[in-house]
Amino acid sequence: MTAGVQTIIYPVKDPKAAKALFTALLGVEPYADEPYYIGFKAAGQDVGLDPNGHAQGLTGPVPFWHVTDLRERLAALVEAGAEVLQDVRDVGNGRLVASVKDPDGNLIGLLQDPAA
């Protein structure tokens with residue numbers, strides 16, 4: 001099951017410039033401002049800037065679908081023809097992420113928040 005696309009991650013090469021640009025775009029200051037991630041919340045959307053994204057194979061913005069069982073959804077996508085770009089990893093506090101590339105080269109992210 002999915003709860004829809006609620007997060008989009010942009011790989012960035014210049015975090016300081018990207019932070020200024022997205023602050024201007026979204027009209028809010030980041031809720032997270034770390035060397036490895038800058039995160040914004042605006043209008044119910046989570047927008048992240050990832051300074052390591054290019055090194056992880058991200059070539060552009062990646063929509064992250066929020067799912068209840070990431071491993072199950074990941075297996076279903078692989079069975080349907082997707083290629084794993086980033087296997088399941090915990091990015092902090094039990095939040096799991098993974099990403100795949102579909103047969104057309106489109107990137108798809110999966111995100112599972114820890115159980116409440």
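At position 72 of the sequence shown the residue is numbered 72 (full-length UniProt numbering), and the sequence of numbers has no breaks. Heads up, the beta-carbon is just placed ideally off N, CA and C, and yes, glycines get one too.
Other residues of its chain near residue i: CB distance less than 6 Å, five sequence neighbours each side excluded
| i | result |
| --- | --- |
| Leu26 | Phe40, Ala42 |
| Asp113 | Arg95 |
C-beta contact flag for residue i and residue j at 8 Å
| i | j | result |
| --- | --- | --- |
| Ala80 | Val88 | no |
| Leu58 | Leu111 | no |
| Leu49 | Pro15 | yes |
| residue 148 | Lys101 | A question about residue 148 goes unanswered here, because the residues of the chain that appear run from 1 up to 116. |
Contacting residues, own chain, Cβ-Cβ under 8 Å from residue i (five flanking each side not counted)
| i | result |
| --- | --- |
| Thr23 | Glu29, Pro30, Phe40 |
| Val5 | Pro63, Phe64, Trp65, His66 |
Cβ shell of residue i (< 7 Å), same chain only, five flanking positions each side left out
| i | result |
| --- | --- |
| Asp90 | Leu96 |
Secondary structure, beta strand (DSSP E): runs of 3+ residues fully inside the UniProt domain "VOC" (4 to 113): 32 to 34, 37 to 42, 45 to 50, 62 to 67, 83 to 90, 96 to 101, 107 to 112
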